[in-house]
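These protein sequences, in sequence, are chains A and B. Every number in my numbering is 55 more than the matching position in the first sequence, counting from 1. Every number in my numbering is 15 more than the matching position in the second sequence, counting from 1. Cβ coordinates follow ideal geometry from the N, Cα and C atoms, glycine included.
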Amino acid sequence: MYSINEVLETIRMVQEEKLDIRTITMGISLRDCADSDYRKSCQKIYDKITTRAANLVQAGEEIEREYGIPIINKRISVTPISLVAESSDAENYTAFAKAMDRAAKEVGVNFIGGFSALVHKGFTKGDRILINSIPEALSATERVCSSVNVGSTKDGINMDAVYRMGQVIKECAERTADQDGLACAKLVVFCNVPEDNPFMAGAFHGIGEPECTINVGVSGPGVVKNAVAKVKGSDFGTLAETVKKTAFKITRMGELVGRAAAKKLGVPFGIVDLSLAPTPAVGDSVAEVLEAMGLETCGTHGTTAALALLNDAVKKGGAMASSYVGGLSGAFIPLSEDAGMIRAAEKGVLTLEKLEAMTCVCSVGLDMIAIPGDTPAETIAAIIADEMAIGMVNFKTTAVRIIPAPGKKVGDHVEFGGLLGHAPIIPVKAAGAAEFVSRGGRIPAPIQSLKN
Amino acid sequence: MLDQIRTEQSRNRIIVTVIGQDRVGIIARVSTILADNHINILDISQTILQEFFAMVLIADMEKSAIELSALKEKLSQLGQELGVKIEAQHEDVFRYMHRI
């Protein structure tokens, strides 16, 4: 039997500390949806998604009711569209994005990921068309998310793609200027992208994945924060142990829900992503976990060390809790989606440079950061290049999801609403890097890649 | 395999918790709701936790027609009436979290 303390701990986690399952994401292969006629291909895509995911939302809601654990999002990831659309005659892939959007709306999911291309070593015809289509596709659809992998430890960084993505991000912002550049919030540039990530906007269904699978992303910064607050003043060993034990419990919920969902839907269970994912809600913040460790404000000196400890302990606890761990698995630090990060950036303590340093020791990268609207594409490309270099050299995933908010300056605010949150515009350096990013070609793979 | 059998066995077990000021009739009122819905009580334990009354009750919903969400609603209403907090959660949640 369970002790009363164990029972009450679980109840408290769900009721007061906002323990929830952030997302169950169904990965669907669209490799059999290619067609030389793009209209036929789009129809196949729509049909396959709406058939495979017909019961996804319902299954999620049933599990919520059965177990009493909230599941915040039900989502879909698909094969990178560049691979599917490439054999078609289309010169622009917006129609594919619209087919994905319609299918997502039909089955009732709030986001669908996979308007993606993998170009870390170079472009194919389909990759080029897809990247050129991103601004139109993301402004013409509501639920479609896009990602482009421009680098990897094994292959180096495709700097042509980095430069191009700087321009694409600018274009996305301009096309959605009336919404503070919302399209940029649905676009991620990656290095070492994982193929089974359940979290948006970077989710897609990788080419090594099965026909259909269920991946789960857990949440729980609130639970970790309260656990950390309880060991105030204890040494680092105790602190790490506390986070580890808490992460174990959170991840177990992901494992339970993932297995239940896979069983209900009759598809294989993929992975649990151990990431600590914040939301803009008060008490659901990674920054507040770091502050509970003893930092006055997130972003001050000591933040990188605190985050390193947090990220490592989360992984150690989580790895034991699930048979299959994957995705991004680490702490997320999205600025606009984390109430504590927003506060710290407004105070000027959390800066772009500090965020970059923090990405060296946690999952993902510069995430949901709003910068002045007049930032040149070359500067954005240089920011991407820095972040990709960190990922490439350290054998880890890094990403950039940055919003040059049109017409906004440092001190202004952007509002995306819902889970995407709001953010102050933070400054970037005025000195240019245009000559550097426009050199063209690839940055060679680092010596670390030679492992064989 | 063993894991699966255990899952089957505990498939319909729930844990009900009551926390608040102790008063006459809490257990009686909770058990009435459970009995009315054909839910069998397997175990009850209670304690005083930092001046609060805390009760944990394990029950079997196997023969019950009510959904857990509807039961939660009923119990929560009773809780408001009695001035205590009543929660119900599937047993798997506790098993996964606290047992390896």
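With a threshold of 8 Å between beta-carbons, can A:L63 be considered close to chain B, or not? yes
Out of A:D328, A:G395, A:L390, which one is the CA nearest neighbour of A:Y526? Residue coverage of chain A in this structure runs from 56 to 507, which leaves residue 526 of chain A outside it and unanswerable.
A:P276, enclosing alpha helix (DSSP H) - first and last residue: 276-285
Tell me whether A:V139 sits in a helix, a strand or coil according to DSSP, three-state version. helix
Using a Cβ-Cβ distance under 8 Å, would A:Q70 count as near chain B? yes
Less than 8 Å between CB atoms is the rule here; does B:M76 satisfy it with respect to chain A? no
Tell me, to the nearest whole angstrom, how far the beta carbon of A:I83 is from that of A:A108; I am working on the premise that it is less than 8 Å. 7 Å
Report yes or no: do three or more beta-carbon pairs, one from the region 191-201 of chain A and one from the region 238-257 of chain A, lie closer than 8 Å? yes
For A:G257 and A:P135, what's the separation of their Cα atoms in angstroms? 11 Å
In whole angstroms, give me the CA-to-CA distance for A:I426 and A:A228. 11 Å
How is A:L383 classed by DSSP in three states: helix, strand or coil? coil
Excluding the 5 residues flanking A:V344 on each side, which residues of the same chain have their C-beta closer than 7 Å to its C-beta? P276, V279, K280, V283, L365
Quick check: the region 48-64 of chain B against the region 494-507 of chain A, are at least 3 beta-carbon pairs closer than 8 Å? no
Terminal residues of the alpha helix (DSSP H) in which A:M443 lies: 432-448
Between A:E121, A:S207, A:R67, which lies nearest to A:A440 when the distance is taken from Cα to Cα? A:S207
Under the rule that 16 or more other beta-carbon atoms within 10 Å means buried, what is A:M56, buried or exposed? exposed
Could you tell me whether any Cβ in chain B is nearer than 8 Å to the Cβ of A:R86? no
Extent of the continuous beta strand (DSSP E) run through A:I76: 76-83
Among A:I66, A:T434, A:N128, A:D102, whose alpha-carbon lies nearest the alpha-carbon of A:G272? A:N128
If I follow the unbroken alpha helix (DSSP H) through A:P190, where does it start and stop? 180-195
Which partner residues does A:I481 have in the DSSP bridge list? Partner(s): none; A:I481 has no beta bridge.
Hey, is A:I59's beta-carbon within less than 8 Å of any beta-carbon in chain B? yes
Determine the direct distance from the alpha carbon of A:K304 to that of B:Y111, and round the result to whole angstroms. 8 Å
Using a C-beta to C-beta distance shorter than 9 Å, which residues of chain B count as neighbours of A:G123? I29, L83, S84, K87, E102, A103, Q104, H105, V108
Enumerated in chain order, which unbroken segments of the beta strand (DSSP E) with a length of 3 residues or greater are wholly contained in the region 89-162 of chain A? 126-133
Are there three or more Cβ pairs, one per stretch, closer than 8 Å when the region 382-389 of chain A is compared with the region 310-323 of chain A? no
At least one CB of chain B closer than 8 Å to the CB of A:K319: is that the case? no
Determine the chain B residues that contact A:I76 at a beta-carbon separation under 9 Å, and present them in chain order. Chain B residues near A:I76: none, gap ~11 Å exceeds 9 Å.
State yes or no: is the C-beta of A:M396 within less than 8 Å of the C-beta of A:T358? no
If B:V31 sits next to B:I81, beta carbons under 8 Å apart, how far is it from one beta carbon to the other, in whole angstroms? Wrong, their Cβ atoms sit about 13 Å apart, outside the cutoff.
Could you tell me the alpha carbon to alpha carbon distance between A:F433 and A:I212, rounded to whole angstroms? In the sequence on display, residue 433 of chain A carries Glu and not Phe. Distance between the alpha carbons of A:E433 and A:I212: 16 Å.
Simplified DSSP assignment, three categories, for B:D75: strand
C-beta neighbour in chain A for B:L64, strict 8 Å: yes
Counting only Cβ pairs nearer than 7 Å, list the residues of chain A close to B:V45. Residues of chain A passing the Cβ test: none, with the nearest at roughly 15 Å.
What span of residues does the alpha helix (DSSP H) with A:F471 cover, start to end? Where A:F471 is concerned, there is no enclosing alpha helix (DSSP H), given that its DSSP letter is neither H nor E.
Does any residue of chain A bring its CB to less than 8 Å from the CB of B:E23? Legend: pLDDT at B:E23 = 46, less than 50; position of this residue unreliable, no value from coordinates given.
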